[in-house]
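In this note's numbering, the protein residues as written are 97 to 273.
C-beta: ideal position from N, C-alpha, C; glycine also.
Here's the structure, in structure tokens; my notes come after.
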């Protein structure tokens, strides 16, 4: 389904666990889903400006931009990234995205909201470091699994129909009121 509808670009039809001579956190097609990767562009949360986190009036100076193959998240903090994959969700599909066990077992929670019918774009990923130690995220490796639910009929109103505010996002997208 993903290939025939162009749902995931780039699309990896197999699960990849090696890149050359090194192990990677797996990505690509899984049993009933797809393991997505994060890009090498990160926004790491910092409170150097003692800002208040307000989803209606978000202060983007609360982040430090980092471009790297790894992201070190400070203890009890979080970082944002975007997927490597561009996603196009058909009108009769809803997805849920959950973190991979490799990261969950290290106290790293990956949070992504559902991809609604007819949403498309690069997904913004949130990584929470719940530990009292710095945590490492690897760019271009698997970070979360997308599970696809196909409906018997198309939805009445899609994300596209509602002109959703996160439609066709390109980079790491901060909260919009």
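Please return the same chain residues whose Cβ sits closer than 6 Å to the Cβ of residue i, not counting the five positions on each side in sequence.
i, result
"residue 215", "185, 255"
"residue 160", "140, 142"
"residue 154", "270, 271"
"residue 233", "167, 223"
"residue 175", "138, 140, 167, 169, 223"
"residue 245", "190"
Could you check the C-alpha separation between residue i and residue j for me, to the nearest Å?
i, j, result
"residue 147", "residue 228", "21 Å"
"residue 263", "residue 182", "12 Å"
"residue 195", "residue 102", "23 Å"
"residue 120", "residue 104", "20 Å"
"residue 187", "residue 210", "14 Å"
"residue 114", "residue 235", "14 Å"
"residue 156", "residue 171", "20 Å"
"residue 198", "residue 130", "15 Å"
"residue 112", "residue 158", "35 Å"
"residue 118", "residue 237", "12 Å"
Taking 7 Å as the threshold (C-beta atoms), are residue j and residue i in contact?
i, j, result
"residue 107", "residue 100", "no"
"residue 267", "residue 201", "no"
"residue 169", "residue 231", "yes"
"residue 137", "residue 163", "yes"
"residue 225", "residue 243", "no"
"residue 206", "residue 240", "yes"
"residue 180", "residue 135", "yes"
Among residues of its own chain, excluding the 5 on either side of residue i, which ones have a beta-carbon nearer than 8 Å to its beta-carbon?
i, result
"residue 110", "124, 125"
Counting only the same chain and skipping the five closest in sequence on each side, list residues whose C-beta sits under 7 Å from that of residue i.
i, result
"residue 265", "217, 218, 220"
"residue 128", "243"
"residue 152", "273"
"residue 122", "111, 112, 113, 131, 238"
Give me the DSSP bridge partner(s) of residue i.
i, result
"residue 134", "179"
"residue 121", "Bridge partners of residue 121: none, in fact."
"residue 233", "167"
"residue 111", "124"
"residue 242", "130, 193"
"residue 221", "177"
Problem set entry | Ordered list of beta strand (DSSP E) runs contained in the stretch 136-194, each at least 3 residues | 159-163, 166-169, 174-184
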